[in-house]
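Enquirer: Let me begin by handing over the structure; questions about it come next.
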């Protein structure tokens, strides 16, 4: 639109007849003024987006010199100039930069999509229940009570699924419980084959060591007597009075550990490797408790003014030490009660035997 106006104005300029210099100057000024007015009206009528490209040629061209003939003065026509587009362009840029960034809008899934997802989860849970039923039937050597628990959980889970989406949460919880029981049984079987075998060999080594010490008590006493310069020692009891009770307490600890291993591997089928340390300390704790039993028996005999010389030929302390080594919980509870009677805070807690 602007370019066409300029062309028409130039043609009108060419068609003007030659006049004297003064008249030509007046007519040229009027024509330029008219051109200025037309340009201003066109620019005001244009939108800001259309007005911005039109201002670039004018801004790039050099400013007219009023001293040259034919120069157009930069006079305001109807409140606008020949280059009024820069303020409008600035306003447009500011308004664009002031716009806030668009935030992501969360759109909830439609009802059909949610129903499809729920149906897929229900089908997946149904397949899991079927797989657990098949796994349960393969557990032929498992305990019947454990299989009954798993079957009951799966039956309740299937009944919850029949209620539809309302029973999905309950069915999922029951399925996880049944899966945990079966996985626990598989892990127990695998741990029993590895850790159980190692523990069995460990306990047998201690048992053989205790039996050898009892069998070769006199040669061992002679050897230890030569080291300690006790040449009159006929057996280890002459060097360590609590030797017999300590050895029998260790044997009791070994027997208790072997019984617990059998109970949890073969009977309960719930062997747990978290209790490996319990099996390791059983022989050592049994020997220590055997020595403690000797101190208790001797203290009681001295309190009752009984001659302790006959104690060396008695099997009662050794039998009591072996019993306490087998059931170490008994002597540990006795220690707790003794500490409570004295008035001190119990240091030892009531330790439960895993085999019980």
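Numbering (my numbering), first residue to last: 66 to 421.
By construction, the Cβ of each residue, glycine as well, lies at the ideal position given by its N, Cα and C atoms.
Computed from a predicted structure; not experimentally measured.
So which of 388, 251, 200 and 369 has the shortest CA-CA distance to residue 350?
Expert: 388
Enquirer: If you run the structure through DSSP and keep just helix, strand and coil, what is residue 282?
Expert: Residue 282 falls in the helix class under three-state DSSP.
Enquirer: Helix or strand or just coil, what does DSSP make of residue 369?
Expert: coil
Enquirer: Between which two residues does the alpha helix (DSSP H) carrying residue 445 extend?
Expert: Residue numbering for the chain in the displayed model covers 66 to 421; residue 445 lies beyond these limits and cannot be assessed.
Enquirer: Taking DSSP as the reference, what is the three-state secondary structure of residue 441?
Expert: A query on residue 441 cannot be resolved here, the shown segment of the chain reaching from 66 to 421 and no further.
Enquirer: Have a look at residue 182 and residue 318 and give me their C-alpha separation to the nearest angstrom.
Expert: Pairing residue 182 with residue 318, the inter-Cα distance amounts to about 58 Å.
Enquirer: State whether the region 330 to 348 contacts the region 245 to 259, with contact taken as three or more CB pairs (one from each stretch) at a distance under 8 Å.
Expert: yes
Enquirer: Between the Cα of residue 196 and those of 280, 227, 248 and 225, spot the shortest distance and give me the residue it belongs to.
Expert: Looking at 280, 227, 248 and 225, the one whose alpha-carbon comes closest to that of residue 196 is 248.
Enquirer: I'd like the list of long-range same chain contacts for residue 381, defined as Cβ closer than 8 Å, with 5 residues on each side in sequence excluded.
Expert: 362
Enquirer: Between 217, 224 and 252, which lies nearest to residue 11 when the distance is taken from Cα to Cα?
Expert: Shown here, the chain extends from 66 to 421; a query on residue 11 therefore has no answer.
Enquirer: Tell me the DSSP secondary structure of residue 228 in three-state form.
Expert: coil
Enquirer: Relative to the C-alpha of residue 194, which residue among 241, 231 and 341 is closest?
Expert: 241
Enquirer: Note down the Cα distance separating residue 297 from residue 273, rounded to an integer number of angstroms.
Expert: 28 Å
Enquirer: Any idea what DSSP makes of residue 33, helix, strand or coil?
Expert: This structure cannot speak to residue 33, because the chain is shown only from 66 to 421.
Enquirer: How big is the Cα-Cα spacing for residue 311 and residue 192?
Expert: 59 Å
Enquirer: For residue 236 versus residue 215, is the C-beta spacing smaller than 7 Å?
Expert: no
Enquirer: Please name the residue, chosen from 384, 358 and 406, that lies closest to residue 396 on a Cα-to-Cα basis.
Expert: 358
Enquirer: So, using beta-carbon positions, are residue 364 and residue 309 closer together than 7 Å?
Expert: Against a cut-off of 7 Å, the Cβ pair of residue 309 and residue 364 comes out as no contact.
Enquirer: Mapping DSSP to helix, strand and coil, what is residue 204?
Expert: coil
Enquirer: Which of helix, strand or coil does DSSP assign to residue 364?
Expert: helix
Enquirer: Tell me which same chain residues have a C-beta within less than 7 Å of the C-beta of residue 261, skipping the five on either side of it?
Expert: 326, 330 and 336
Enquirer: Ordered along the chain, which non-local residues of its own chain (more than five positions away) have a Cβ less than 6 Å from that of residue 348?
Expert: Excluding sequence positions up to five before and after residue 348, its CB lies within less than 6 Å of the CB of 271, 315, 318 and 319, all in the same chain and listed in chain order.
Enquirer: For residue 210 and residue 217, what's the separation of their Cα atoms in angstroms?
Expert: 10 Å
Enquirer: Can you tell me whether residue 184 is buried or exposed? The criterion is at least 16 other CB atoms within 10 Å of its CB, across all chains shown.
Expert: exposed
Enquirer: Quick check: the Cα distance between residue 407 and residue 399, rounded to an integer number of angstroms?
Expert: 12 Å
Enquirer: How far does the alpha helix (DSSP H) with residue 245 in it extend, from its first residue to its last?
Expert: 233 to 256
Enquirer: What whole-angstrom Cβ distance do residue 250 and residue 204 have, given they're in contact under 8 Å?
Expert: Taking the Cβ atoms as the reference, residue 250 lies roughly 7 Å from residue 204, within the contact range of under 8 Å.
Enquirer: What's the gap between the Cα of residue 263 and the Cα of residue 202?
Expert: 30 Å
Enquirer: Identify whether residue 271 lies in helix, strand or coil by the three-state DSSP scheme.
Expert: helix
Enquirer: Check residue 381 in the structure and name its three-state DSSP category.
Expert: helix
Enquirer: Decide if residue 268 is buried, meaning its Cβ has at least 16 other Cβ atoms within 10 Å, or exposed.
Expert: buried
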